[in-house]
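Participant: Just passing along the structure, written as structure tokens.
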Amino acid sequence: MDIQHNDPERKQTEEELRASKERYSLLVENIDGVIYAIDTQANITYISPTIEQISGYTADEVLGQSVYNLFHPDDLPYMRTRMRNTLAGKPKLAESRLVDKKGDIHFVRTYARPVKKAGRLEGLKGILIDITEQKRAEEALREGEERLNLAIGGAFGLVLSGQDQTEHLRIEDEMRSERKLFRSIVEGADFFIVGFDRQGRISLFNRGSEIITGHRAGDVLGKNFFDLLIPDRAKATFRDHIEALAEGRSNDHMDEPVLTSSGDEVHLQWGWSVIRGESGEIERIIAFGRDISYKRWLEEQMFLFLDAIESSNDGIAIFGGDGCLIFANPALLGMYGAHLEDVRGRSYKDFILETEEGLQIEGNSWQGRVSCIRTDGTNFPASVSVAPVADKDGRETAIIAVVRDISQSVEYEQKLKSLNSELERFAYTVSHDLRAPLRGIKGFATVLQEDYGDRLDETGRRYLDRIRDISTNMDRLVLDLLDYSRVGRIVSPPQKVDLRDLVTEAYEDVKSLACGGEVEFTITGDFPVMSCERSRIKQVFANLLSNSLKYAQGPPVIEVGCINQGDAYEFYVTDEGIGFEMDYIDRIFEPFIRLKRDGEGTGIGLATAKKIVETCGGKIWAESSPGKGSTFRFTLPSEKILNSVGFT
């Protein structure tokens, strides 16, 4: 009968917001790179706080600036061409040199794609990853090769020119030293390094290659690089690339897979170095491969993250450490009726009019309801979840907020309050105006029975008894309906209650319902002490016990027990009564359902018990068989438990 206030809906909204905030925060905090967005003029419209780790500049320092200001001047012509191509729908991985705040050079790999809104090109969004350490390792390897070649060349020169033996031995020592240095660089590298000749015969296979592919160096030396390590679909790409290297046309990096010993593919970013003989012909090719399987997955997650932000129905805002707006997604801008360029740099306080009571704060995170101010001065209610974003050192560099406009929910709540007020008035009317004539009917029937009973025949007296019984039963039905409507809507203060004592009290209240004979009543198990609405939990036990007493076959046998399930306590009331078919299990907890029509009751007792249990966060069910009794079970969450009898 009653209309529930939408607290569950509000909790669901807040749970969804918390999940959204955690998802976005997790991505922002754990991305090993920089997310950025630029407009069609190459001005930065958004950049993640991780830019400071690479460049030394904070996000606030570079926002609104040209992205070209971050890169080496010599790379700018190439970067401008690449931007034009990307805007034209031809995205491509590229490497550039970033100049940090101190003037040091960082090698970075970037990938971007165009951003369109309503069919109009707005700019680019992309990711940037620092690959400086990889480049340095590759360069050290190349230098080792070059020094080794120089030393070998010097030794041959001495032999041909007839230099003395002492000088020759010195050169040999230098060669051994260079070889040792070269070997340590190769073997110490944690990435894939393979050397092979023009025919593909492998002559170098370092420890990093063993780890990535699962092959042992001794098993692959002399085998063909292309047949053993490159998937068929990628062989042509590798051969074309190596031909381009031989002709001096290309030394670009590429992303292609390598085959492992189990036949799986691992994506590597490839770099190349060639060793040429005196005639200029390539004698050996050195391939460097860095495992980017995780990086590639991470890049996909970054773009999914950006897409999720842009397409989300929730408003998402990112504020800098100073509390000023850095970025807002379209949904949030739509809520406020604003353009990003008009609100960027404004304090978060400019967007909030006031907060409501019940704000939940955990550390530097909080969530709750706020009243927000639109740019036109109007306001709207919102559910907001806010959390800080920390860098790898634990410093809070930004704040992420997830916002949901709850105007419709608030309007719905107001309607619910109005409907519940009407329900209260209806309940009052039923309680007074409907019960009053029932009491009159019962009273007149009693007077007739007492004053004129001797003038009536047996049929007339039976009719008066029926009138009195029916009016009594209808009055009880009205009271039960009122009680059912109040469950969860009218709440009494919780009390500390020993449930074993409460069961005993409930039994004493209803034991008169036994149809003659002694009742065999037992209580088993360790019952807890609980903080609860005393009268409501007592009502659950009383209703279940009444059911067992009314539908007993012979002297009632009833057992009430308790089982500790860890996160909840399970209570049961079992009897040896008439039972029922389990086909009716879905109906017995519905109001007005009575499987045995000639029994007493209004058919609301089990429905009320179910409503009370579910309002407390538990569940209720039954097990039965005709002629073999019934067991009704229900749970209450342990979080309400204060302590337990027999437990410390």
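Residue numbers (the working numbering): -4 to 643.
The beta carbon of each residue, even a glycine, is placed where N, CA and C say it ideally should be.
Can you tell me whether Glu500 is buried or exposed, with buried defined as 16 or more other CB within 10 angstroms of its CB?
Facilitator: With fewer than 16 other Cβ atoms within 10 Å, it is exposed.
Participant: Sorted by chain position, which residues of the same chain lie with C-beta nearer than 6 angstroms to Ile615's C-beta, five sequence neighbours on each side aside?
Facilitator: Same-chain partners within the cutoff: Lys605, Val608, Phe629.
Participant: Taking only three categories from DSSP, how would you classify Val261?
Facilitator: In this structure, Val261 counts as strand in the three-state DSSP scheme.
Participant: At 4 residues or longer, what runs of the alpha helix (DSSP H) sit wholly inside the segment 388 to 468?
Facilitator: Qualifying alpha helix (DSSP H) stretches, in chain order: 402 to 424, 430 to 447.
Participant: Within this structure, are the beta carbons of Ile122 and Tyr106 separated by less than 8 angstroms?
Facilitator: Result yes, Cβ atoms of Ile122 and Tyr106 sit closer than 8 angstroms.
Participant: I'd like to check one pair, Ile188 with Ile287: are the Cβ atoms closer than 8 angstroms?
Facilitator: No, Cβ-Cβ distance for Ile287 and Ile188 is not below 8 angstroms.
Participant: Whose C-alpha, out of Thr569, Thr392, Arg471, is nearest the C-alpha of Ile599?
Facilitator: The shortest Cα separation from Ile599 among Thr569, Thr392, Arg471 belongs to Arg471.
Participant: Helix, strand or coil: how does DSSP classify Gly600 here?
Facilitator: It is helical.
Participant: Excluding sequence positions up to five away, which residues of its chain have a Cβ less than 7 angstroms from the Cβ of Ile580?
Facilitator: Cβ within range, chain order: Ala617.
Participant: Do you know how far the Cα of Lys491 is from the Cα of Val524?
Facilitator: Val524 and Lys491: Cα-Cα distance of roughly 7 angstroms.
Participant: Given that a residue counts as buried once 16 or more other Cβ atoms are within 10 Å of its Cβ, and exposed if not, what is Met330?
Facilitator: Burial call: buried.
Participant: Mind reading off the beta-carbon distance from Thr392 to Gly316? Whole number of angstroms is fine, and I expect it under 8 angstroms.
Facilitator: That pair is a contact at about 6 angstroms.
Participant: Rounded to a whole number of angstroms, what is the C-alpha to C-alpha distance between Ser43 and Tyr31?
Facilitator: Approximately 6 angstroms between the Cα atoms of the pair.
Participant: Run through DSSP, which three-state label would Ala113 get?
Facilitator: Coil.
Participant: For the beta strand (DSSP E) holding Phe566, just list the boundary residues, first then last.
Facilitator: Note, Phe566: beta strand (DSSP E), 563 to 570.
Participant: Helix or strand or just coil, what does DSSP make of His653?
Facilitator: Since the first and last residues shown for the chain are -4 and 643, residue 653 lies out of range.
Participant: State the Cα-Cα distance for the pair Glu90 and Leu263, rounded to the nearest angstrom.
Facilitator: Spanning the two alpha carbons is a distance of roughly 15 angstroms.
Participant: If you draw a straight line from the C-alpha of Tyr407 to the C-alpha of Gly622, how long is it?
Facilitator: Looking at the two C-alpha atoms, the distance is approximately 49 angstroms.
Participant: My understanding is that Ile321 touches Tyr63, with C-beta atoms under 8 angstroms, so please give their C-beta distance in whole angstroms.
Facilitator: With 8 angstroms as the limit, Ile321 and Tyr63 do not qualify as a contact, their Cβ atoms being about 20 angstroms apart.
Participant: Would the segment 76 to 83 and the segment 268 to 279 be scored as touching if the rule is three or more Cβ pairs under 8 angstroms?
Facilitator: Flag = no, the segment 76 to 83 and the segment 268 to 279 do not touch.
Participant: Name the DSSP bridge partner or partners of Glu618?
Facilitator: Its beta-bridge partners are Thr626.
Participant: Check Ile304 in the structure and name its three-state DSSP category.
Facilitator: The answer is helix: DSSP assigns Ile304 an H, G or I state.
Participant: Anyone know if the C-beta pair for Leu645 and Cys367 falls short of 8 angstroms?
Facilitator: Here the chain has residues from -4 to 643 only, and residue 645 is not among them.
Participant: Who pairs with Asn201 in a beta bridge, going by DSSP?
Facilitator: DSSP output for Asn201 lists no bridge partner at all.
Participant: Applying the criterion that 16 or more other CB atoms from any shown protein chain within 10 Å of the CB defines a buried residue, is Asp99 buried or exposed?
Facilitator: Exposed.
Participant: Leaving out five residues on either side along the sequence, give the residues of the same chain with a beta carbon under 6 angstroms from the beta carbon of Val110.
Facilitator: Excluding residues within five positions, the ones whose Cβ falls inside 6 angstroms are Glu117, Gly118, Lys120.
Participant: Alpha helix (DSSP H) containing Gln362: first to last residue?
Facilitator: That residue, Gln362, is in no alpha helix (DSSP H); its beta strand (DSSP E) goes 360 to 368.
Participant: On the CB-based measure, 16 or more other CB atoms within 10 Å of its CB, does Cys557 come out buried or exposed?
Facilitator: Cys557 is buried by the Cβ-count criterion.
Participant: Can you check whether the CB of Ser633 is closer than 8 angstroms to the CB of Asp562?
Facilitator: For Asp562 and Ser633, yes; Cβs fall inside 8 angstroms.
Participant: So what does DSSP say about Ile607, is it helix, strand or coil?
Facilitator: Three-state result, Ile607: helix.
Participant: Given 8 angstroms as the limit, is there contact between the segment 427 to 441 and the segment 377 to 386, that is, 3 or more CB pairs closer than that?
Facilitator: As far as the Cβ criterion goes, the segment 427 to 441 does not touch the segment 377 to 386, which means the pair count is below three.
Participant: Taking the alpha helix (DSSP H) that Phe221 falls in, what are its first and last residues?
Facilitator: Element bounds for Phe221: 220 to 224.
Participant: Please classify Pro551: does DSSP put it in a helix, a strand, or coil?
Facilitator: In this structure, Pro551 counts as coil in the three-state DSSP scheme.
Participant: Could you tell me which residues DSSP pairs with Tyr546 in its beta bridges?
Facilitator: BP columns for Tyr546 are empty, so no partner.
Participant: Would you check if the distance between the CB atom of Leu497 and the CB atom of Ile532 is smaller than 8 angstroms?
Facilitator: A contact, by the Cβ cut-off of 8 angstroms.
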